[in-house]
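In UniProt numbering, the protein residues as written are 1 to 268.
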């Protein structure tokens with residue numbers, strides 16, 4: 001999903017990417033260049049393996065299944081090397097972008113690394129963003145957005161009940177085979193008809209079904225797109241791109257900020 005296609009329908013969810021690297025190709029992930037964002041929040045969850053983080057202002061640790069990297073880019077950041085792969089045979093996960101409301105899209109950036117043991121869960125679902133069945137995520141996200149990471153055992157059924165007002169809904173499957181009104185295979189994303197109808201899900205094979213599901217109150221603003229930025233107006237986009245250009249002029253110092261573990265903290 002990108003902001004120029006399905007993101008227009010599912011906003012505030014505007015971008016989704018699945019990343020998947022084996023032991024032999026994990027090095028390729030570390031070669032990702034630093035790049036900017038403004039106007040959005042990024043949400044990174046791991047479905048297999050672990051990533052290390054190390055930020056002198058925040059601390060260090062690992063993000064595995066059930067944990068999250070939350071980065072509210074707001075008025076502008078450069079990032080891409082703030083996490084590195086742990087010593088694992090495979091890294092798989094999702095990165096999601098959320099369009100921010102006008103009061104946050106050019107606000108101060110915020111980064112959080114929350115490990116799995118500190119995340120809330122309800123049944124088979126880790127509540128990554130939002131609140132579900134009385135369980136509140138520790139992620140400081142805007143209200144009206146839910147994002148869950150779920151694993152169903154073979155043959156297990158689970159029903160997602162969108163909160164009131166959440167008429168935007170979708171899911172994406174990382175592993176296994178899932179029935180969601182129709183079969184959904186690994187690597188596929190599906191969106192649901194607008195409304196608050198409960199979504200009945202069932203794992204169909206002898207393999208766990210691992211997926212993310214999102215629902216939200218619709219984002220009421222048009223999307224104004226830059227190359228790495230999404231804003232609610234042309235003026236907000238101009239301000240965000242101006243700020244990331246200013247930050248970009250300091251990228252020459254990025255290597256000096258590299259930590260002993262090889263990460264480069266988010267440049268705010």
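We put the beta carbon where it would ideally sit given N, CA and C, even for glycine. Fair warning: this is a prediction, and the values are worked out from it, not measured in the lab.
Reference residue i, options the options, closest by Cα
i: residue 237; options: 127, 49, 101 and 183; result: 101
i: residue 201; options: 159, 211 and 231; result: 159
i: residue 264; options: 18, 42 and 56; result: 56
i: residue 69; options: 93, 210 and 35; result: 93
i: residue 181; options: 203, 187 and 151; result: 203
i: residue 48; options: 75, 19 and 32; result: 19
i: residue 147; options: 155, 156, 110 and 162; result: 162
i: residue 39; options: 98, 246, 184 and 136; result: 98
i: residue 103; options: 90, 142, 207 and 31; result: 142
i: residue 167; options: 179, 155, 184 and 194; result: 194
i: residue 44; options: 248, 113 and 21; result: 113
i: residue 77; options: 187, 259, 241 and 261; result: 241
i: residue 197; options: 244, 169, 15 and 17; result: 169
i: residue 37; options: 145, 9, 1 and 96; result: 96
i: residue 41; options: 67, 129, 26 and 239; result: 129
i: residue 157; options: 209, 267, 251 and 145; result: 209
i: residue 325; options: 75, 46, 227 and 62; result: One cannot answer for residue 325 here, as it falls past the ends of the chain, which runs 1 to 268.
i: residue 248; options: 217, 62 and 266; result: 266
i: residue 10; options: 252, 179, 253 and 218; result: 218
i: residue 127; options: 67, 107, 89 and 61; result: 67
Sheet register partners of residue i (DSSP bridge)
i: residue 242; result: Paired residue(s): none; residue 242 is not in a bridge.
i: residue 173; result: 211
i: residue 159; result: 200
i: residue 135; result: 132
i: residue 4; result: Answer by DSSP bridge pairing: none, since residue 4 is not bridged.
i: residue 122; result: 125
i: residue 267; result: 78
Residue i: first and last residue of the uninterrupted alpha helix (DSSP H) it sits in
i: residue 183; result: Not the alpha helix (DSSP H): residue 183 falls in the beta strand (DSSP E), residues 183 to 185.
i: residue 152; result: Not the alpha helix (DSSP H): residue 152 falls in the beta strand (DSSP E), residues 145 to 152.
i: residue 104; result: 102 to 105
Alpha-carbon spacing of residue i relative to residue j, whole angstroms
i: residue 87; j: residue 123; result: 29 Å
i: residue 215; j: residue 105; result: 20 Å
i: residue 153; j: residue 220; result: 37 Å
i: residue 191; j: residue 175; result: 18 Å
i: residue 233; j: residue 24; result: 43 Å
i: residue 115; j: residue 171; result: 23 Å
i: residue 12; j: residue 131; result: 16 Å
i: residue 231; j: residue 224; result: 5 Å
i: residue 73; j: residue 165; result: 26 Å
i: residue 213; j: residue 54; result: 28 Å
i: residue 138; j: residue 149; result: 14 Å
i: residue 21; j: residue 125; result: 24 Å
i: residue 85; j: residue 119; result: 21 Å
i: residue 64; j: residue 117; result: 10 Å
i: residue 50; j: residue 81; result: 15 Å
i: residue 58; j: residue 259; result: 13 Å
i: residue 187; j: residue 155; result: 20 Å
i: residue 91; j: residue 52; result: 12 Å
i: residue 32; j: residue 205; result: 35 Å
i: residue 133; j: residue 246; result: 43 Å
i: residue 7; j: residue 173; result: 17 Å
i: residue 222; j: residue 3; result: 11 Å
i: residue 111; j: residue 89; result: 27 Å
Span of the beta strand (DSSP E), counted from its first residue to its last, around residue i
i: residue 166; result: Where residue 166 is concerned, there is no enclosing beta strand (DSSP E), given that its DSSP letter is neither H nor E.
i: residue 128; result: 125 to 129
i: residue 110; result: 110 to 114
Short CB-CB distance (under 8 Å) between residue i and chain C
i: residue 133; result: No chain C appears in this structure, which consists of one protein chain only.
* **Contiguous beta strand (DSSP E) assignments of at least 3 residues, all confined to the UniProt domain "Pirin N-terminal" (7 to 98)** => 13 to 22, 35 to 37, 40 to 48, 51 to 55, 59 to 63, 68 to 72, 77 to 79 and 83 to 85
* Start-end ranges of the beta strand (DSSP E) lying completely within the segment 176 to 241, minimum 3 residues -> 177 to 179, 183 to 185, 189 to 191, 199 to 203 and 209 to 216
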